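Peer 1: Sharing a structure below in structure tokens format, with a few things to ask.
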Amino acid sequence: MFVKVLGTAQDAGVPHPNCFCENCEQARLDKNFRRFAASLSLHFEESNKWYMIDPSPDFKEQLMMVQQQKQWRKMMDGIYLTHAHIGHYTGLMFLGKEAVSTSKLPVMAGEKMNDFLSSHYPWKQLIDFENIDLHPLQAGQAYDLPEGASIIPLSVPHRNEFSETFCFLIQGKRKRLLYIPDIDRWEQWDINLDELMKDIDYCFIDGTFYSTEEFEQIGRSYNDIPHPLITVSMEKFKAYKDTCNIYFTHFNHSNPVIGLNKKYREWIEAAGFFILEDGQEFCL
-5 MFVKVLGTAQ
5 DAGVPHPNCF
15 CENCEQARLD
25 KNFRRFAASL
35 SLHFEESNKW
45 YMIDPSPDFK
55 EQLMMVQQQK
65 QWRKMMDGIY
75 LTHAHIGHYT
85 GLMFLGKEAV
95 STSKLPVMAG
105 EKMNDFLSSH
115 YPWKQLIDFE
125 NIDLHPLQAG
135 QAYDLPEGAS
145 IIPLSVPHRN
155 EFSETFCFLI
165 QGKRKRLLYI
175 PDIDRWEQWD
185 INLDELMKDI
195 DYCFIDGTFY
205 STEEFEQIGR
215 SYNDIPHPLI
225 TVSMEKFKAY
235 KDTCNIYFTH
245 FNHSNPVIGL
255 NKKYREWIEA
265 AGFFILEDGQ
275 EFCL
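As numbered in my numbering, residues -5 to 278 make up the sequence shown, in order.
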């Protein structure tokens, strides 16, 4: 199997709507600086099946990314959801009768997420019209994927106004990938990180903001933002970078790491970490 990166930006993507910061202006001028909202696809070539993690507001473009290859010119065989923030589930709207009009497409999510979809329009209409078929996920339980692979949802702290929040541990035949696009603070996560990271080959983690200086530019306070800083995460994960390839993702449009000035990226890479890019593929 392989994993394709369909997006690496915070919920609204880059360029951000109605923003004229340096990063957004550059992204309007040069498509190479554009980033879709965070999303992954999981591909199984032998069985000709594929799955999406988090259908974002950029769903149309991300579906096109997958379907550029002739083998994948079909709808996904299922969708996995992390949580109920707009960048992670609103692409479901394209599955309804106004667009693709899928038939009982499996959507796997936590119980609170399923309750949210079942009780609010327009998502409820997708269920009523049998465009999607909800399947509950339990944290810590392994679920089978094709070709002997599996996926395990793990609970992470992240506001959770409307649903629980999951990260996903994806087990292929040869390698394991941990996907954590959103988390409030690492110290709030009730998990043994040393144990979890023992056999992880790739880890994609929340890189929404770089440092506290970034908040001053956008007029916000770090205490008001439920995301760890990249600088903090580098310190937290430095013990694992020799055995695991650790990538940052879910970048806010204000993040200097994704801008023209390469010194931030170079500093991160010199420390043994990586910046995830739209379109990258990883064999598991």
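Backbone N, C-alpha and C fix where the C-beta goes; we use that ideal spot for every residue, glycine too.
Note that the structure is a prediction, hence the values are computed from the model and not measured.
Please name the residue, chosen from Trp261, Tyr196 and Pro222, that lies closest to aspartate 236 on a Cα-to-Cα basis.
Peer 2: When only C-alpha atoms are compared, the closest one is Tyr196.
Peer 1: Which stretch, first to last residue, makes up the alpha helix (DSSP H) that contains threonine 225?
Peer 2: It spans 224 to 231 - the alpha helix (DSSP H) in which threonine 225 sits, taken as one unbroken run.
Peer 1: Tell me the residue span of the alpha helix (DSSP H) that contains arginine 259.
Peer 2: Residues 257 to 264.
Peer 1: Do isoleucine 219 and phenylalanine 203 have their C-beta atoms closer together than 9 Å?
Peer 2: Contact flag set, yes.
Peer 1: Buried or exposed: which applies to phenylalanine 231, given that a residue is buried once 16 or more other Cβ atoms fall within 10 Å of its Cβ?
Peer 2: By the 10 Å Cβ count, phenylalanine 231 comes out buried.
Peer 1: If you measure between the beta carbons of isoleucine 194 and leucine 172, is that distance less than 9 Å?
Peer 2: Contact: yes.
Peer 1: So if DSSP puts proline 100 in a beta bridge, which residue, or which two residues, is it bridged to?
Peer 2: In the DSSP output, where bridge partners are listed per residue, proline 100 has Asp127.
Peer 1: Checking 9 Å against the spacing of the C-beta atoms, do asparagine 247 and aspartate 176 come in under that value?
Peer 2: Sequence inspection shows histidine at residue 247; the asparagine mentioned does not correspond to that position. Not in contact: histidine 247 and aspartate 176 (Cβ atoms no closer than 9 Å).
Peer 1: My assumption, with CB atoms under 8 Å, is that lysine 43 sits in contact with aspartate 5. Please give the rounded CB distance.
Peer 2: About 27 Å separates the two Cβ atoms, so there is no contact after all.
Peer 1: Would DSSP call alanine 78 helix, strand or coil?
Peer 2: Correct three-state label for alanine 78: coil.
Peer 1: Note down the Cα distance separating threonine 225 from phenylalanine 267, rounded to an integer number of angstroms.
Peer 2: Distance between the alpha carbons of threonine 225 and phenylalanine 267 is about 11 Å.
Peer 1: Can you tell me whether DSSP reads leucine 23 as helix, strand or coil?
Peer 2: Leucine 23 falls in the helix class under three-state DSSP.
Peer 1: Between the region 136 to 150 and the region 57 to 67, do at least 3 Cβ pairs fall closer than 8 Å?
Peer 2: No, the region 136 to 150 does not touch the region 57 to 67.
Peer 1: If you follow the beta strand (DSSP E) that methionine 46 is in, where does it begin and where does it stop?
Peer 2: Residues 43 to 47.
Peer 1: Check whether the Cβ atoms of aspartate 127 and leucine 99 sit closer than 9 Å, and answer yes or no.
Peer 2: Yes, the pair counts as a contact, with Cβ atoms nearer than the cut-off.
Peer 1: Identify every residue that forms a DSSP beta bridge with threonine 243.
Peer 2: Paired residues: Asp200.
Peer 1: For glutamine 182, count the other beta carbons within 10 Å of its own beta carbon; 16 or more makes it buried, fewer makes it exposed. Which is it?
Peer 2: Exposed: under 16 other Cβ atoms inside 10 Å.
Peer 1: For phenylalanine 162, decide whether its Cβ has a neighbour in chain C, counting only Cβ atoms nearer than 9 Å.
Peer 2: Absence of chain C from the displayed structure is noted, only one protein chain being present.
Peer 1: For the beta strand (DSSP E) that contains isoleucine 174, what are its first and last residues?
Peer 2: Isoleucine 174 -> beta strand (DSSP E) spans 170 to 174.
Peer 1: With DSSP as the reference, label cysteine 13 as helix, strand or coil.
Peer 2: The answer is coil: DSSP assigns cysteine 13 none of H, G, I, E or B.
Peer 1: Measure from the alpha carbon of asparagine 249 to the alpha carbon of each residue in Asp200, Asn217, Gly273 and Ala233, then state which is nearest.
Peer 2: Taking only the C-alpha atoms, the option nearest asparagine 249 is Asp200.
Peer 1: For lysine 168 and glycine 213, what's the separation of their Cα atoms in angstroms?
Peer 2: Here residue 168 is arginine; the residue named in the question, lysine, does not match the sequence. Rounded to whole angstroms, arginine 168 to glycine 213 spans 45 Å at the Cα level.
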